[in-house]
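Mapping of the sequence shown onto numbering that gives the first Met the number 0: residues 0 to 331, in sequence order.
Structure first, commentary second.
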Amino acid sequence: MPEPIKVLVTGAAGQIAYSLLYSVAKGDVFGKDQPIILVLLDITPMMEVLKGVVMELQDCALPLVQEMIPTDKIEEAFKDIDAALLVGAMPRRDGMERKDLLAANVKIFQEQGKALDHYAKKTVKVVVVGNPANTNAFICSKFAPSIPKENFSALTRLDQNRAQAQIAGRLNVPNNAVKNCIIWGNHSSTQFPDVSHATVTKNGVVQPVAEAVKDDHWLNNEFIKTVQNRGAAVIKARKLSSAMSAAKAICDHMRDWWFGTHEGEWVSMAVPSDGSYEIEQDLMYSFPVNIKNGKYTIVQGLKIDDNAREKMNVTMKELKEEREMALAACQE
Ligand code: NAD
Ligand code: LMR
Numbered sequence: 000m001p002e003p004i005k006v007l008v009t010g011a012a013g014q015i016a017y018s019l020l021y022s023v024a025k026g027d028v029f030g031k032d033q034p035i036i037l038v039l040l041d042i043t044p045m046m047e048v049l050k051g052v053v054m055e056l057q058d059c060a061l062p063l064v065q066e067m068i069p070t071d072k073i074e075e076a077f078k079d080i081d082a083a084l085l086v087g088a089m090p091r092r093d094g095m096e097r098k099d100l101l102a103a104n105v106k107i108f109q110e111q112g113k114a115l116d117h118y119a120k121k122t123v124k125v126v127v128v129g130n131p132a133n134t135n136a137f138i139c140s141k142f143a144p145s146i147p148k149e150n151f152s153a154l155t156r157l158d159q160n161r162a163q164a165q166i167a168g169r170l171n172v173p174n175n176a177v178k179n180c181i182i183w184g185n186h187s188s189t190q191f192p193d194v195s196h197a198t199v200t201k202n203g204v205v206q207p208v209a210e211a212v213k214d215d216h217w218l219n220n221e222f223i224k225t226v227q228n229r230g231a232a233v234i235k236a237r238k239l240s241s242a243m244s245a246a247k248a249i250c251d252h253m254r255d256w257w258f259g260t261h262e263g264e265w266v267s268m269a270v271p272s273d274g275s276y277e278i279e280q281d282l283m284y285s286f287p288v289n290i291k292n293g294k295y296t297i298v299q300g301l302k303i304d305d306n307a308r309e310k311m312n313v314t315m316k317e318l319k320e321e322r323e324m325a326l327a328a329c330q331e
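Here it is, written out as structure tokens:
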């Protein structure tokens, strides 16, 4: 058996964590033979609820969980961690945009960035889920200067999964027949879900998605809007923001980062821009990435037409605005 790794989940008493913790604890993310020390951070008023979550996890009698550390102390939570799943933050309600959460949530990620800097292993892999996820991840990294920038990411895998499922549903194929959907930019309604490089396998034949769908109008309009607004649609229906699907996407994101992507396939992650595709540096922008040996590289050389360029710029502009608002909020 390998040495245990220390995995932090914040917002551990919340909705997403309730779905996430079981998958992490049973080995879906870090492997079926990887013992785990689960660190569970929430705020002080949630400690009683968190106690119940810990009881349930104990009652699952899972072999990989070596220890659980429920806590409301940030220095204890971030000590020597190998992975951080930063979920804890306020979710939006019906009628709000994700950036409306910025003032409420950005301070959390400023504080947690500092905690990562002081207490975490320098190799820690961080995924930010709490919204606005890209900008919170940017702030977190900014306040953790001793940790390499490439160790920070934000979740756009849920958007990728949504795009894939919409295409599969339209073509009446299993979800895993659709590959290489891309999410560019922000995890918000300006994101650009792009299937111009995606393929579908039907009856053993691999085809570009656009050829198989045969309806450019649907692809350029309804499809994009559905994916962009899916989070809001779930909130409207459930009166709560998506949790089960978000937890599944967090697992997909971290598992692929930990173990790598399959040959010829890429996944979308919001990562620090290195200037690829003319996206300004110092932004946490979602790109297609390949992952090998725990390191991602942005997929290069994809053809970007004028229509795509315009959409990629719209979401970049929003991220720049959010960055300015977040930096100002951190001064307050
Ligand atoms: P929730 O309200 O059910 O749970 C959030 C938990 O975080 C609560 O238990 C709360 O006490 C805790 N918390 C608040 N401040 C904290 C802090 N400083 N440290 C530790 N814990 C803290 O919300 P949820 O449904 O679990 O959603 C969590 C966040 O994830 C929201 O911001 C939501 O918008 C976001 N989200 C992102 C995605 C994505 O794809 N990026 C998808 C779904 C939800
Ligand atoms: C989602 O995409 O479901 C989450 O980001 C929640 C939200 O506010 O949309």
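Note that the Cβ used here is the ideal one computed from N, Cα and C, for glycine as well.
Residue i: first and last residue of the uninterrupted alpha helix (DSSP H) it sits in
i      : result
VAL105 : 101–118
VAL127 : Where VAL127 is concerned, there is no enclosing alpha helix (DSSP H), although the beta strand (DSSP E) it sits in stretches over 124–127.
ALA374 : Since the first residue of the chain shown is 0 and the last is 331, residue 374 is not available in this structure.
ASP158 : 156–170
TYR17  : 14–24
LEU326 : 305–330
GLY230 : 229–237
GLU74  : 73–76
Cβ neighbour criterion (16 or more within 10 Å) applied to residue i
i      : result
VAL205 : exposed
GLY203 : exposed
THR122 : exposed
ALA327 : exposed
HIS186 : buried
GLY10  : buried
PRO1   : exposed
ASP81  : buried
Reduced DSSP secondary structure (H/G/I, E/B, other) of residue i
i      : result
GLU66  : strand
VAL52  : helix
LYS5   : strand
ASN289 : strand
SER275 : helix
LEU37  : strand
LYS178 : strand
ALA153 : strand
MET45  : helix
GLY94  : coil
MET283 : strand
VAL28  : coil
MET253 : helix
MET0   : coil
SER140 : helix
Close beta carbons around residue i, own chain, < 7 Å, minus the five adjacent residues each side
i      : result
ILE42  : ASP71
GLU66  : ILE36
TYR21  : CYS59
LEU61  : ALA24 and LYS25
THR198 : LYS178, ASN179, VAL205, GLN206, PRO207 and VAL208
Supposed close pair residue i, residue j - CB separation, criterion 8 Å
i      : j      : result
ALA132 : LEU154 : 6 Å
GLU47  : ASN179 : About 45 Å; that fails the 8 Å criterion.
ILE342 : SER240 : This structure cannot speak to residue 342, because the chain is shown only from 0 to 331.
PHE191 : LYS310 : 4 Å
ILE182 : ALA162 : 7 Å
VAL28  : ILE68  : With 8 Å as the limit, VAL28 and ILE68 do not qualify as a contact, their Cβ atoms being about 18 Å apart.
Delimiting residues of the beta strand (DSSP E) encompassing residue i
i      : result
ILE297 : 294–297
THR342 : Because the chain spans 0 through 331 in this model, residue 342 falls outside it and cannot be assessed.
ALA83  : 82–85
PHE191 : 191–193
Own chain, CB closer than 8 Å to residue i, minus 5 neighbours either side, in chain order
i      : result
PRO173 : ALA167
VAL8   : ALA16, LEU19, LEU20, VAL23, LEU37, VAL38, LEU39, LEU40, LEU84 and VAL86
Cutoff 6 Å; reference residue i; Cβ partners in own chain excluding five residues on either side
i      : result
ALA246 : ILE15, SER18 and LEU19
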